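Enquirer: Following this message is one structure expressed as structure tokens.
There are 2 protein chains.
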Amino acid sequence: MKVETITYKGGLVYILDQKKLPQKKVYIKCSRYQQVADAITRMNIRGAPAIGVAAAMGIALGMSELKTKNKVDFFNQLDKISRDFAKTRPTAVNLFWAIDKMVKCAHRCEEKSLSSIKKLLIKEAIDIYNKDIQTNKKIGKYGAQLIHKKAMILTHCNAGALATAGYGTALGVIRKAHEQKKNIKVFVDETRPYLQGARLTAWELKEEKIPFTLITDNMAGYFMYQGKINVVIVGADRIAANGDVVNKIGTYTVSVLARKHNIPFYVAAPVSTFDITKSSGKEIVIEERNFQEVTHIGKKRITPKGIEVANPAFDITPHDDITAIITEKGVIKPPFKKNIKRIIGNK
Amino acid sequence: MKVETITYKGGLVYILDQKKLPQKKVYIKCSRYQQVADAITRMNIRGAPAIGVAAAMGIALGMSELKTKNKVDFFNQLDKISRDFAKTRPTAVNLFWAIDKMVKCAHRCEEKSLSSIKKLLIKEAIDIYNKDIQTNKKIGKYGAQLIHKKAMILTHCNAGALATAGYGTALGVIRKAHEQKKNIKVFVDETRPYLQGARLTAWELKEEKIPFTLITDNMAGYFMYQGKINVVIVGADRIAANGDVVNKIGTYTVSVLARKHNIPFYVAAPVSTFDITKSSGKEIVIEERNFQEVTHIGKKRITPKGIEVANPAFDITPHDDITAIITEKGVIKPPFKKNIKRIIGNK
Chain A
117 MKVETITYKG GLVYILDQKK LPQKKVYIKC SRYQQVADAI TRMNIRGAPA IGVAAAMGIA
177 LGMSELKTKN KVDFFNQLDK ISRDFAKTRP TAVNLFWAID KMVKCAHRCE EKSLSSIKKL
237 LIKEAIDIYN KDIQTNKKIG KYGAQLIHKK AMILTHCNAG ALATAGYGTA LGVIRKAHEQ
297 KKNIKVFVDE TRPYLQGARL TAWELKEEKI PFTLITDNMA GYFMYQGKIN VVIVGADRIA
357 ANGDVVNKIG TYTVSVLARK HNIPFYVAAP VSTFDITKSS GKEIVIEERN FQEVTHIGKK
417 RITPKGIEVA NPAFDITPHD DITAIITEKG VIKPPFKKNI KRIIGNK
Chain B
117 MKVETITYKG GLVYILDQKK LPQKKVYIKC SRYQQVADAI TRMNIRGAPA IGVAAAMGIA
177 LGMSELKTKN KVDFFNQLDK ISRDFAKTRP TAVNLFWAID KMVKCAHRCE EKSLSSIKKL
237 LIKEAIDIYN KDIQTNKKIG KYGAQLIHKK AMILTHCNAG ALATAGYGTA LGVIRKAHEQ
297 KKNIKVFVDE TRPYLQGARL TAWELKEEKI PFTLITDNMA GYFMYQGKIN VVIVGADRIA
357 ANGDVVNKIG TYTVSVLARK HNIPFYVAAP VSTFDITKSS GKEIVIEERN FQEVTHIGKK
417 RITPKGIEVA NPAFDITPHD DITAIITEKG VIKPPFKKNI KRIIGNK
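So the sequences go chain by chain: A and B.
Just so you know, the first sequence maps onto residues 117 to 463 in this note's numbering.
Just so you know, the second sequence maps onto residues 117 to 463 in this note's numbering.
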């Protein structure tokens, strides 16, 4: 990886500010956990696996900062900090998964000294980070087996190195297929309103020298109709027990188009993205974000003032529209309910 | 109408600069025909019927300017000016229809004095303008019969007063249904890359106090899935003899989504939009516009530099996806080939 999305170094968390990409590479230096939480809320860091890693590092940072010598106080603070992170974004389940891992880690070693617990929490966060990269490389390996030579792949949003600790999920599959010299070509949806495709995926693919064409979201249908796209791969923010996928707004439309044109539609996501407590996508909360993401580009207003705007950040792709889900434990095919249970189990 | 899209007044053509909307209402004052042609090419004025009117007024202006007293020179100039207008935009057939009307008008009265021909050309252009408004009002009347009370209507791009001499085609239907107090609500696709929805349709609906919600193009599927959209109406840039519709990029995707959700998909367009010399949409040239419309918003770059970008301005919606085409001569239903021939004839 040419650029690190997030790192824990010298007792500080460094977050690559994705709001400034692709114009500037700037790191936000966080010395307090609230700065990490704010970076998640404000989407300086985004992408389901990446915000899981950020929350883990943020909790490690927050606990390290504590001056208290009282264990009850310490664990009360752990509760508070965990709750603060849980409030940052509502949809990506990796966030709650990572928070849960950190809390369990602390409780597992609660008999130890506070300084030992602090060290173990930092180790746990760095572990989550390292495992995420390994996970993505496994996803890439499994996924690349599904990509034929000269594939013309559409991807939506950014499920890349920037959305994870590194390598990426959907872009991990694309990276691997490119490493295998499959001579692939990528279509990148710009992904309004936040432009993760135009800003982040375009930037990652350019860095990796993977050939791609940037299109606006409403062009995907046109290129499918012309036979210029023959595979779709996207990431996921949460996957229900029945295989319904919650992912960036616009994913559902891409899935409808793929089905209409008989194009395989793959979802690449780590096991931590599954939420088997939700029987279907309809039970998952869809985050509604600030209207200014739609009415403004940067500081420039593009619409009349005082109008009504909708801004759901995600949508639900029903499992019927999905060809397969690529995880680090292998490729899950329909029937999803049965096969998710078999492969994921209780995580 | 609160604002005039284009007018011919005191020997000048005034064009409302749609690139500056919704921030500023500025008119481009054209004293030479080339200024009108440039305004079409640069999309200061856009929308199939509007550019037909602009070309007619531009030709009237260009011919009025001429100093020659020689009739052969005069008609040679008419040829040249007509060719210049024909080069401005390739897809909307109304442009060629209006040019043809102007050339025929001149030839019809070629025995008259040059000053008489000039006056008749101005009269013809103003006639085209007035008839376009009448046409739109008829379309609105026929179309509104298809709109039920409390309809939740999605529209894409701007097929409004700004895309025509006035009143609009798709927005003409919406205006009429609103005048009839049908308590409708509109969803407006922002329509990347040129943002005709976010800038122009939002502005028109706000002026008319018609309730609407602005969404990004990739949200339409989500709201259809939720049952919040139950009618689609769009305009057209060219309609083939079999009913295939060429319209703003993204229209095809909306049609696929509408069909998937069993939502009627209506196209509103004047008879001048039909091109019965084309047996299907596949024979129609799709304009590829400058990549900067995608990479920049105003002067702000939103993507990395030096990347490949596609920017087709239109797409083709196959007639199978269309419920009916609303014209000033009535509503055309399938089978389109037969019914277009019956209703449109040879225009």
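Beta carbons are placed, not taken as given, at the ideal position from N, Cα and C, and that holds for glycine.
Keep in mind it's a predicted model, so treat the numbers as computed, not measured.
For chain B, is any of its Cβ atoms less than 7 Å away from the one on TYR310/A?
Expert: By this cut-off, TYR310/A is not an interface position.
Enquirer: Less than 7 Å between the beta carbons of VAL209/A and ASP391/A, yes or no?
Expert: Yes, they are a contact pair.
Enquirer: Considering only the beta carbon of each residue, do GLN134/B and LEU237/B sit closer than 7 Å?
Expert: No, the pair does not count as a contact, with Cβ atoms beyond the cut-off.
Enquirer: Strictly below 9 Å CB to CB, what residues from chain B border PHE213/A?
Expert: Reading off the sequence shown, one finds Trp at residue 213/A, where the question assumed Phe. Chain B residues near TRP213/A: none, gap ~25 Å exceeds 9 Å.
Enquirer: Could you have a look at ARG375/A and say whether DSSP puts it in helix, strand or coil?
Expert: ARG375/A falls in the helix class under three-state DSSP.
Enquirer: List the residues of chain A whose Cβ lies closer than 8 Å to the Cβ of LYS322/B, in chain order.
Expert: PRO420, GLY422, ILE423, listed in chain order.
Enquirer: DSSP puts MET340/A in a beta bridge; with which residues?
Expert: Looking at the DSSP assignment, MET340/A forms no beta bridge with any residue, so it has no partner.
Enquirer: Step through the CB atoms of chain B and report whether any lies within less than 7 Å of the CB of TYR368/A.
Expert: Closer than 7 Å to some Cβ of chain B, the Cβ of TYR368/A qualifies, so yes.
Enquirer: Using DSSP's beta-bridge definition, name the partner residues of PRO428/B.
Expert: Note: PRO428/B sits in a beta bridge opposite GLU404/B.
Enquirer: Which value, in whole angstroms, describes the spacing of the CA atoms of LYS265/B and ILE290/B?
Expert: Going from the Cα of LYS265/B to the Cα of ILE290/B covers about 12 Å.
Enquirer: I'd like to know whether the C-beta atoms of LYS364/B and VAL372/A end up nearer to each other than 7 Å.
Expert: Taking 7 Å as the Cβ cut-off, LYS364/B and VAL372/A do not qualify as a contacting pair.
Enquirer: Hey, is LYS125/A's beta-carbon within less than 7 Å of any beta-carbon in chain B?
Expert: Not an interface residue.
Enquirer: Answer yes or no: do VAL152/A and ALA176/A have a C-beta to C-beta separation smaller than 7 Å?
Expert: Taking 7 Å as the Cβ cut-off, VAL152/A and ALA176/A do not qualify as a contacting pair.
Enquirer: State the beta-bridge partners of LEU262/A as determined by DSSP.
Expert: Looking at the DSSP assignment, LEU262/A forms no beta bridge with any residue, so it has no partner.
Enquirer: So, under 8 Å CB-CB, VAL347/B and ILE255/B are touching, yes? Tell me the CB distance rounded to an integer number of Å.
Expert: Contact doesn't hold; Cβ gap of about 15 Å is too wide.
Enquirer: In whole angstroms, give me the CA-to-CA distance for THR271/B and GLU323/B.
Expert: Their backbone Cα atoms lie some 17 Å apart in a straight line.
Enquirer: Residues bridged to PHE303/B by DSSP?
Expert: In the DSSP output, where bridge partners are listed per residue, PHE303/B has LEU270/B, THR329/B.
Enquirer: By a C-beta neighbour count over all protein chains shown, 10 Å radius and 16 as the cutoff for buried, is ASN252/A buried or exposed?
Expert: So ASN252/A ends up on the buried side.
Enquirer: Would you say TYR130/B lies against chain A (beta-carbon separation less than 7 Å)?
Expert: Chain A, which has no Cβ nearer than 7 Å to the Cβ of TYR130/B, makes this no.
Enquirer: Can you give me the C-alpha to C-alpha distance between ILE438/B and PHE381/B, rounded to a whole angstrom?
Expert: Distance between the alpha carbons of ILE438/B and PHE381/B is about 5 Å.
Enquirer: Does TYR338/B have its Cβ less than 7 Å from a Cβ in chain A?
Expert: Yes, TYR338/B counts as interfacial toward chain A.
Enquirer: Is VAL209/A helix, strand or coil by DSSP?
Expert: It is helical.
Enquirer: Answer yes or no: does any C-beta atom of chain B fall closer than 7 Å to that of PRO138/A?
Expert: For PRO138/A, the answer is yes, since a Cβ of chain B falls inside 7 Å of its Cβ.
Enquirer: So GLY288/A is in the alpha helix (DSSP H); what residue range does that whole segment cover?
Expert: Taken as a continuous stretch (DSSP letters only), the alpha helix (DSSP H) holding GLY288/A covers 286-295.
Enquirer: What is the C-beta distance between ARG308/A and ASP305/B, in whole angstroms, given that I count them as a contact (C-beta under 8 Å)?
Expert: At roughly 10 Å, the Cβ-Cβ gap does not stay under 8 Å, so ARG308/A and ASP305/B are not in contact.
Enquirer: Give the straight-line distance between the Cα atoms of ALA202/B and PHE212/B, rounded to the nearest whole angstrom.
Expert: Going by the C-alpha atoms only, they are around 6 Å apart.
Enquirer: On a Cα-Cα basis, can you pick out the residue from GLU295/A, PHE407/A, PHE191/A that is closest to LYS220/A?
Expert: Ranking GLU295/A, PHE407/A, PHE191/A by Cα distance to LYS220/A puts PHE191/A first.
Enquirer: Within 10 angstroms of its Cβ, does PRO451/A collect 16 or more other Cβ (buried), or is it exposed?
Expert: Result: exposed.
Enquirer: In the structure shown, what three-state DSSP assignment does CYS225/B receive?
Expert: If DSSP states are grouped into helix, strand and coil, CYS225/B belongs with coil.
Enquirer: For ALA260/A, would you say it is in contact with chain B, using Cβ-to-Cβ distances shorter than 7 Å as the test?
Expert: Chain B, which has no Cβ nearer than 7 Å to the Cβ of ALA260/A, makes this no.
Enquirer: Check the Cβ of ASN63/B against every Cβ in chain A and list those closer than 7 Å, keeping chain order.
Expert: A question about residue 63/B goes unanswered here, because the residues of chain B that appear run from 117 up to 463.
Enquirer: What in chain A is Cβ-close to ALA524/B, meaning under 8 Å?
Expert: Outside the modelled stretch of chain B, which goes from 117 to 463, sits residue 524/B, for which no answer is possible.
Enquirer: Taking a Cβ distance cut-off of 7 Å, strictly less, list which residues of the stretch 427-439 of chain A are near chain B, in chain order.
Expert: Flagged, chain order: PRO428, ASP431.
Enquirer: Quick check: the stretch 387-404 of chain A against the stretch 343-359 of chain A, are at least 3 beta-carbon pairs closer than 8 Å?
Expert: With the cut-off at 8 Å, the stretch 343-359 of chain A and the stretch 387-404 of chain A touch.
Enquirer: Compile a chain-ordered list of the residues in the stretch 385-414 of chain A whose CB is closer than 7 Å to at least one CB of chain B.
Expert: For the stretch 385-414 of chain A, which is checked against every Cβ of chain B, the residues closer than 7 Å are VAL410, ILE413, GLY414.
Enquirer: Identify which residue in ASN186/A, LEU182/A, TYR338/A has its Cα closest to the Cα of ILE197/A.
Expert: It is LEU182/A.
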